[in-house]
Every structure is written in structure tokens, then in C-alpha cells.
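Residue numbers (the numbering used here), protein chains in the order written: chain A, 716 to 1324; chain B, 2 to 529. By construction, the Cβ of each residue, glycine as well, lies at the ideal position given by its N, Cα and C atoms. What follows is a set of notes on a single structure, which appears directly below.
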Amino acid sequence: MPKVNKMSETIKLTVDGKEIAVAPGTTILDAARGLGVEIPTLCYHQNLKPTASCGICVVEIAGSPALKRSCCTPVENGMKVTSNSRSLRALRKTLVELILSNHAVECPTCVANGKCELQDLANSMGVDFDRFANVVSDKPLDESSPSVHRDPKKCIACGRCVTVCGDMQSVAAIDMVSRGFDISVNTFFQEGLGNSSCVNCGQCTVFCPTGALRERSETDAVWDAILDPGKIVVVQEAPAIRVTLAEEFGMELGTVTVGKMYAALKKIGFDHVFDTNFTADLTIMEEGTELIERVKSGGLLPLITSCSPGWIKFMETYFPDFAPYTSTCKSPQQMFGTLVKTYFAREKGLDPARIVSVSVMPCTAKKFEARRPEMRDSGFQDVDHVLTTRELVRMIKEAKIDFKNLPDESPDDLMASYTGAATIFGATGGVMEAAIRSAYFLLAGKNLDDLDVKAVRGLEGIKEATLTIPAQGLGDLTVKVAVAHGLANARALMEKVQQQIRATGKSEYAFIEIMACPGGCVGGGGQPYGSVIADRARRGEGLYREDKGLAKRQSHENPGVALIYEKFLGQPGSETSHNLLHTCYFERSLLKGDCVREVTKKHAAGHHG
Amino acid sequence: MSIYRTHILLPVDEGTVQAGVFEIKRRLESELKARKLQDEIKVLESGSVGIVGKGVILAVYPDRIYYFQVKESDIVSIIEEHLLKGRIVAGLAHAPVAVMAPEQAGARVGLTREQRRVVLDKSWTVDPQNINEVLAAGGYRALEKIFNDKLSPEQVIEEVKSSGLRGRGGAGFPTGLKWEFTRKAAGPEKYIICNADEGEPGTFKDRLILEGDPHKLIEAMIIGAYAIGAGRGYVYIRGEYELSINRMQKAIDQAREFNLLGENILETGFHFDLEIKKGAGAYVCGEETALIESLEGKRGNPRVKPPYPVSHGLWQKPTAVNNVETLANIPAILSNGAGWFRKIGTDKCPGTKVFTILGHVEYPGLIETDMGTPLREIIFSFGGGIKGGKKFKAALLGGAAGVFLSEPLLDVKMDFESLKESKAVLGSGAVLVMNEDTSIVDMLFSIAKFFAHESCGQCAPCRIGTRQILNIVYRIRRGAGRKGDPETLLQLAETMFKSSLCPLGQSLVMPVKSALNNFADEFAANLK
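Next up, the structure:
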């Protein structure tokens, strides 16, 4: 490394009289934070490009007649910044009063209550609520989507959701329409999220500061089922749920509370508490078999994972040519749903018509996935209701459960055993790591030396790894894999693969994992409001800790999975498996998101071309 | 080319088109033909002369006689009397207009008052659709001079800098400096944009240039492109200016034919081409960064500044955005020299300014006069004073984003600096005159309504602030104002000034503050 003069690379300024030297390009806001000076913000989010909408973060700069938005103004040498003054405080109060006058103040019933960034500002600044006439939009609630609902009355037009959808996810299903006071976040032709290119990922809900974007709530339907004596209500929880509930009940971020989770679900009144981790392990058996088969038989590669329903709709819309590459495996949620109304019902001698199958997911797209018309292989809708983490938290609170002090309980048997490989499904790279562990074992006949595949962990947008597997009978197999999370990263990776295939007929990758949400499911669109990306890494670390502490860390070691193959499915990739655990894909229109044609047929796995 | 003894000019603008100028032209041509005069007398369409509300205007040259409110039934007598016998037609409204003589000064008022026309010199005397005529009248001479004298881009910038020319779009930023920043900004690809999105209420100055002398703009943009090192330019014209767009397009096509645009211009090795982008009518797109966004095909939202367009403009490349009137000064500066230009106007604001005079005056219309001309002169001399013998009450300067001035400020000099001292703005050069019967509350209501309608909605202070100001002014107008409303209005406007992202939200403070300060009684009378 050449020596650099550090002084020439930094910019010196003062904030409230305190001096700091920062790198060029740093914003005033970040420089102030470096000094421990917190400037109030509203539209700004540390993980998003500033939209400069609200004006709350303005500061005074000596010698400049204009105030500057600290969120997007780069520092300059010798700048003297004042972050608070009587006039700044009065100005910020007026701004909050203006924004409140244009916001449906429904705090007691609002899903964002307690986490609302506008509520927090208004409350702490002591604003005059009645100062300005109420001028709330009369635009109707958008309930067209099975996943995400949008309330224009609560929208403060900060533009975060537009940035998330366009920049982070490269979907751009929404944008600002109209102008001035009539401005609203809307879809193409304003036909609602449910009739758009929205992939239902729900990242917009997580970043919305005011609860204008939320999940379509199914808590009432679930309570109704629980309170119906004629129904048998069965619940599964995704890997990422066990590591997110803690932070919502005053425990440390990243704490795994799997025993409390089971206990809370039982207390709420679910008749059978199982675990999606079970079908996560099953997914590895099916998908791993599919991968090995494709590698051995020269089938279409790369194989691309199919666990993330946001990614699946994205693929169907933007990369339909990759449907045949995508694993035919259903997601763990849908495998579970099918098996509850077939395997579980048969084993327990229950009428599947009486079973209500509920899932708890970190995800809003799972609500869409459960309602896909092809997801009825049990003869019924396989998963009846999908709750997000946020909805489960509300149910736990409604049931007045002291979650933090709840004694651990165990799940019911049959469909709840899991290995560490299943738990890490909740973090980006987890499915890949789990697949590598089992595929290595299945091909080499022995375990990986180190089960931690660190190359595919962490928050880097696109991760790659190259493995050499001493495959029995095939010699050394060198396999290159890639992992992408966040759909903008997914798009970049897929475009690269597309180019490789166009140029040389094949891609350098054998296996690709894609998760729609940055960070994977721990960062899902159904996770708590108000988190930042760094929190997602800590949730992921919680999952890796649980994995490390488990005796069994490879999917093929799961005894329940072995049992279901023995009793019900036969072997991975069997006809029964294909009938129940695999699916097909469609091409979707960019304008409305509806199906244009079926690209892959069901039961056609491994027989392409 | 044939020689004609007489030219008849028919100024074509939105107003004369509505009054039937094309019908008159057809009739005139057929009557001339019937008398076999078509080889003696030439009928031409020119740009607007700047006179409005006078119906179809017909000018006879070289006599310099202007007939107003011309009807088809007048044509025969104009031909028989004036064109054949040389007698001005009695009974038809007419005036000798003397705007052709820039160095004279006279005491006449209204339409007959002499003007110094630098930017509008050709826009009403030549056929803008005929490049030969433009060339004969001195078009593209500045460009010719630059190429013949082999002036370097830096020398061109230096000339513009020393001329002291300041942007006529409203902010008054030194044009030479803007060009220098753009030239010095890193990157091989640069752009020049002409901001012709004239949207300031009561302002039609750019239209006169676009319609009457588009070649002057093209010449100026070629010079600007040469100076900053741009290979491509855009004229962003508001979509409603159909005539401007047609004339500009025709001029661009002709300039291309003459190799004034395109590859290797006049065999100098310099390449530059130009195209028109139509605006969709949003006021905010007159703001240069919103204009650039719109040009890129996006929603016309203002950008966060810095960075400024001079370094990060169109497609994030260095870009100079200049107003039509600003550019229209460039050829004259390069032809006559910075020293000549500096002699016109004031020391800090050299040159002329085009003013739109409208409202309760005898002669509404467009005039060009020296920077620093007192407001009183503009209203009472050029504008002919208050219509119908009423008393003067107020003038709104600079369009909707302007300032209400009352009687005591009538002697303010109309240039950037003097107005700034009087807490007013020159803005686009609109002078809206109000007589004693005008309600300032009503006026402020229309302005508030305009801003609420035109706010882009991107930033909260402007989006909601304009709405709340409108609400409050509305109730004051109804006589239901509340105690404290004027103070709230001031505080709101001040908040918007300090925290809005772009000049749209920042400028409502000017009409609000000046109306409340200068006409406080009117507001107080409407509070409960």
C-alpha cells in the first residue's frame, strides 16, 4: 500500500463547536453522529439514498443564508454547523405540525404504534397538534394485494418505499404519481399493488416510517380458527422467527427463543405446534437430489433455489427463461402445508378438511405464495393462513403472554425435528451452506472437514465459493456456487449468468441461492418495523450460533426426515415427492403481474429438454 | 432574390392568431394578386412585436406604420389608400412605432415609446422562418466572428464574463462564470440546455424570442457549446408553446441544412447538434435540476444541490442551463464586444431587460429597456399609466414568485441589485400592475392557489405548506380570518423558505411577506 497523507484526505469541520475530521463525501448528519450529536430526522434512513423530503434534519451553516439538509449535504472544509437553535427547533416543530396535519393520526390502532418515527418526533418535540387544519388525503386503502396493504392517509410521501422498491429491489412497482398535495405512492396505472409488478417482498413495509404500508392481516382469521372447536389448527414457524421474537419483547437482538416460541404458540391455542425447519431439512434432501442428478446427468445448470417466493415472482416476471433452471422444489412452507393435510392427517387419522394450516413467516410474499392456485396438492389449499412475525407478536400481546419469562416448551412430534442446516435457512447463504453440507456427504460419502462454509455467510450482496468434492465414482468435482440477496443483487447476478449462457452456452455456476430480501429471511418483509440492515446480520449470527450448538447439523441426519421417507415418500425425488413437494412456474406480465403462460410443467423435474 | 418596394409584416403570436391573422394574410395576398402587386409588395409573417390586446397588427415597411385591430374589410382600403397612394388610412387605429432606433430617447409613452432592443432586435422585423433573411439581417455574425478570428473557448468565456451578463431566468447568476465552471468540470461529455420552459405567470418574453428570432438562440447555443465544450444541446420548450416549437424546429432544420449545426460546422472541425424537448407544463420544470430530470425522461422533481448541474447535470455530465433571454444576449455581446454591452444598463447589471407589463395599464405588452430603468417609467411611460384614470395601488414584480410593491417603492430601479436592496426581486421581469380597486387578499389567494397547484410534492414543507397557506388565505378572503392568521402565514412562509428543497417552495415567502407587510390593513380588516 502506498503511503498517503491522511491530512489531505480528511475534511475538518465543527458541529456545535466540536471539531471533527471526516472523509470527503461524508454528510453533515454522519459527521455529527461521529461526534455523538444526533440531528433529528424523519424521511432519512441510514440504509437508503436520501430522498430529502421532510426537511426535519436542516442545520445552520455559518455564512450561508440557506439552511441545509444534513442528510444529503456533503461536508466542506471549515464548515461551522449548528445542529440546534431556537429557530431551528421552532422550524422543526412547524414541519412536524405540517406533516401531522396531512397524516391520519390513528395511533391507538396503528400497526406502527410505538415504532412510528413520526409519532416519536411529535411526542418528543411537544408539537401543537391542532395548529393546522387537518388536510388528510381521502384516497382509499389499497387492499388489492394478498401481501401488502397501503393506506394513503398515513403516507407522508417520504419516498422510502419508492427507493426500496426501485433501488434495493430493482422492481420499481411503485413510484410517486400526481403532484403537489395530490401526490401519492402508486402503481402503474394506479390499479393497486395486487395488479402490478410488485413481488410482495414487503421490504417497503419494513422501511415505512409511519405504518402506511403493512402486511395484509390474517390474525382475525387465525383467531377465528383457533376459537372454532370444530377445527384442528396446526402451526409451523420459519427458521427466522425464532431469532426475531426476542427483540420485540425486550430481549437482546439476535437471541434465539425457540422454546418460548413453541410455548407461546401453545398458549395462544394452536392444537399442534410444528416447525418449518423440518421441511427445510426435507427441502435439502429433495433439492440436493435434484442438484446431484443435474450435475451427474448434464442437466440444466445452474440450479437456482426456490425457497423465496418474492424471488420466484421476480424470476417469473423478469427472467422467465430461467424457470427451467429453478429448482422444482416447493418452498419449505408449501412442502409443510401439503404434508400436514396428507402425511400428518393420515398418521393421526384426521380428516384433512378439518385441519387449518397456519404458518408464521418473516415474509409477506408467503401470503401470496400460499394463495397460488397450484398450491393445492393435498386436495385443499395447502397453507390456509400466513402470519408474519409482526402479526404473531400482536397475537402474543393480545393473549397477554409474558413472552420474556415464558418457560421453554417442546413442539409436537412427527413434523418438528430439525438440524442446524435447517436453522440457517433464515440467513442469506444458509440454504447454500445446508445444501453444500449434504451434497458433499451424498457425493463424497463423508462429511465436510469443516461444516461452517464461511464463504457464503455475511451481508455482501453477491457471494461466491468454489468447492472441490471428491465424488465417489466421479473423481474430483469442482463446483462454483453463488449467493445473492436483495433483488437488485439478484438481478445483477442473473444478468451475469444470462450473458455467460448466451456467450458460451453455459454458466460458471452450478448452484445459485437467491433470497429476495437483503440479509435473507432474517431481513424479511414480515419482520419487525424499524430495523436497519445491521440488525439483520445480528439476527443471522443468532441462527449460526444455534446451528453450531446443535448435535445434528446436516439435513440428512434429521430423524424425522428419515422417517417420512420411510413411511410416506419413499426416497428423495420419488413419484410421491414429485406429486406433493414439487411445483411449476409461470411467465408473468410486467404490467399486471398476472400469469401469461406456464413455463415449466409439474412432475417434469429432471427431464428437461 | 427579388426586390420589393414595400414589406407588410404580420406579427404572428397566440393573440394575433386568435384574432385571425392567417385569414387576413390570405385575403391580403389574394387582393394584392388581383391587383398584380405580388412582385412589388411582399407579405411576411414576423414574430410578435410585443403589443398585446390590439387584435391583428399589420405593419407597413419602410413606412413603419402599424395598423391595429385590422379586419378583413379594412384590407382593400389599406391597399388602395396606403399602398397605392401613400396615404395613411384615416379612421383605422394606427401608430408609428419607433422601437427600431435604439440609441434615441423620446418622451412619447406607450406603444410609441422608443425602446433599446438588443435581444428582441430582429424578432419582429424579419421572417424567422427564412434563414436567408436572418443571415441578411445579421444573424450568425457573432459565430462567424469567433471562427474567423479563431477565438478560443476561453476567450469567448472571458468576453462573456467581462460583459457582466447575468442570467435572466430570475436568479441573476453570472453567465460567464457558469460557462467557466462547466468548461472546467471534468469529463469529455458536456451539454448545453436552453431553458425555454417559461412558466412564470404573466411572463411571455421568451416566447417572443422563440417565435420571432429562433436563429439567435441557435447561434447563442452554438457559441455556448463551443465555449464549454459541449457536443449536444437541448432546447426545453414548454409544450403549450406550439408556435415556438414549430418555429424553433424549422430554424434547427435550416441551420442543419446550412451546416451551422451538425458535424464539422462550417468546416471548423467543431461538432454540435441541437434538439427540442417539449415540457409537459409543470411550473417546477423551470427549475434547472427538475428540468434536467424531465429531460432524462423522469418525473420533474428538483434534485438535491450540491452537486450543481455545472458538474453533475444531464446524465450526471457537466451541463450549462441558460434561460432564453440570457442566451439571446450572447450574439450581440460577441459581435459588439463586452465594452459595448457594459455601457447599457447599470454597473452591476449591464444590458437590457425584457419586461412583460400587464394588468391595469393602458398598454399591456412586452418591452425591452435598459436594466435599472425605474419602475415608475416602466408603468407610466411604457405602460401608459393606469387604465381609465384610476389610481395606482400595487405592482407585483417577478411573477407569482414575486413581490407586491406599493406606491412609495415606485421609484425603485429595475435591476437585480437595486431590487434586492428594496427586498424585491426582478424574477422573470413580469410587472403586474393593480389599480385601486384590486384586493391584495384576492391576489394573494390566486398566488397561493397557483403554488399549491404547482408544488411538485417531493418535499413536505412545500407540499403541505402551500396547502395550509391556501387554507388560511381562503378563510381570510371569506372574512373569516382568525386572530393570529397573518403571523401564522408569515411563519409558514418563512419555514418553507428555509426548508424547501427548491426555489418553488422557497419563493412563496416573497408574495406572502410583501402582501402582509405592505398591505397589512387589508388583511386585518378580514379577521374576526
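Check                                                                                                                                                                   : Outcome
In three-state DSSP terms, what is A/Gln1187?                                                                                                                           : coil
Identify the continuous beta strand (DSSP E) that holds B/Lys26 and give its terminal residues.                                                                         : Taken as a continuous stretch (DSSP letters only), B/Lys26 belongs to no beta strand (DSSP E), being part of the alpha helix (DSSP H) at 22 to 35.
Taking the C-alpha atoms as reference points, what is the distance between A/Arg957 and A/Ala995?                                                                       : 14 Å
Report yes or no: is there a C-beta of chain B within less than 8 Å of the C-beta of A/Gly1188?                                                                         : no
Excluding five sequence neighbours on each side, which residues of the same chain lie with their C-beta closer than 7 Å to the C-beta of B/Gly21?                       : Val57
Using the beta-carbon of each residue, which ones in chain B are nearer than 7 Å to A/Asn817?                                                                           : Ile465
Could you please give the first and the last residue of the uninterrupted alpha helix (DSSP H) stretch that includes A/Asp1275?                                         : Sequence inspection shows Gly at residue 1275 of chain A; the Asp mentioned does not correspond to that position. Start and end: 1274 to 1279.
Just checking my contact of A/Pro924 with A/Arg875 at CB under 8 Å: how many whole Å lie between their CB atoms?                                                        : 7 Å
With DSSP run on the structure shown, which of helix, strand or coil describes B/Asn323?                                                                                : strand
For B/Lys499 and chain A, any beta-carbon pair shorter than 8 Å?                                                                                                        : yes
Mapping the DSSP letters down to three states, classify A/Asp939 as helix, strand or coil.                                                                              : helix
To the nearest angstrom, how far is the alpha carbon of A/Gly841 from that of A/Ile814?                                                                                 : 14 Å
Flag this pair as yes or no: are the beta carbons of B/Arg248 and B/Glu212 separated by less than 8 Å?                                                                  : yes
Run through the DSSP bridge pairs and tell me what B/Leu482 is partnered with.                                                                                          : It should be pointed out that residue 482 of chain B corresponds to Gly in this sequence rather than to Leu. Its beta-bridge partners are B/Leu528.
In the DSSP assignment, find the alpha helix (DSSP H) that holds B/Met533 and state where it starts and stops.                                                          : This structure leaves residue 533 of chain B out entirely; chain B is present only between 2 and 529.
Using DSSP's beta-bridge definition, name the partner residues of A/Phe1226.                                                                                            : A/Leu1018, A/Val1196
Which residues in the same chain as B/Ser407 place their Cβ atom closer than 6 Å to its Cβ, once the five residues preceding and following it in sequence are excluded? : Ala395, Asn519
Quick one: grab the DSSP three-state call for B/Met415.                                                                                                                 : coil
If you draw a straight line from the alpha carbon of A/Glu906 to that of A/Asp857, how long is it in whole angstroms?                                                   : 9 Å
Can you tell me which of B/Glu288, B/Val513, B/Ala321 puts its alpha carbon nearest to the alpha carbon of B/Val305?                                                    : B/Glu288
In the segment 183 to 215 of chain B, which residues sit with their C-beta less than 8 Å from some C-beta in chain A, listed in chain order?                            : none
Exposed or buried, which one is A/Arg1009 when buried takes at least 16 other CB atoms within 10 Å?                                                                     : buried
If the cut is a Cβ gap below 9 Å, which residues of chain A does B/His454 touch?                                                                                        : Arg894, Gly895, Phe896
Which same chain residues, not among the five before or five after A/Thr1315, have their C-beta less than 6 Å away from its C-beta?                                     : Ala1038, Pro1039, Cys1299, Tyr1300
Going by DSSP, what residue range makes up the alpha helix (DSSP H) through A/Lys1263?                                                                                  : 1248 to 1264
Determine, using beta carbons only, whether A/Phe903 comes closer than 8 Å to chain B.                                                                                  : no
I want to see whether chain B comes within less than 8 Å of A/Gly926, judged by CB atoms only; does it?                                                                 : no
Using the C-alpha atoms, what's the distance from A/Arg784 back to B/Cys503?                                                                                            : 12 Å
DSSP three-state call for A/Glu724: helix, strand or coil?                                                                                                              : helix
Using a C-beta to C-beta distance shorter than 8 Å, which residues of chain A count as neighbours of B/Gln469?                                                          : Leu813, Ser816, Phe847, Ala848, Val850
What residue range is occupied by the uninterrupted beta strand (DSSP E) comprising B/Pro12?                                                                            : 7 to 12
Could you run through the segment 434 to 458 of chain B and flag, in chain order, every residue whose CB is less than 8 Å away from some CB of chain A?                 : Ala453, His454, Glu455, Ser456, Cys457, Gly458
With the cut-off set at 8 Å, would you say B/Ala226 and B/Ile253 are in Cβ contact?                                                                                     : no
For chain B, check one thing: does any of its Cβ atoms lie closer than 8 Å to the Cβ of A/Val1346?                                                                      : No information on residue 1346 of chain A is available, as it lies outside the stretch 716 to 1324 that chain A covers here.
Leaving out five residues on either side along the sequence, give the residues of the same chain with a beta carbon under 7 Å from the beta carbon of B/Gly230.         : Pro154, Arg184, Lys191
Are the CB atoms of A/Val774 and A/Ala798 within a distance shorter than 8 Å?                                                                                           : It is worth fixing the name first, because residue 798 of chain A is Ser in this sequence and not Ala. Closer than 8 Å, so yes.
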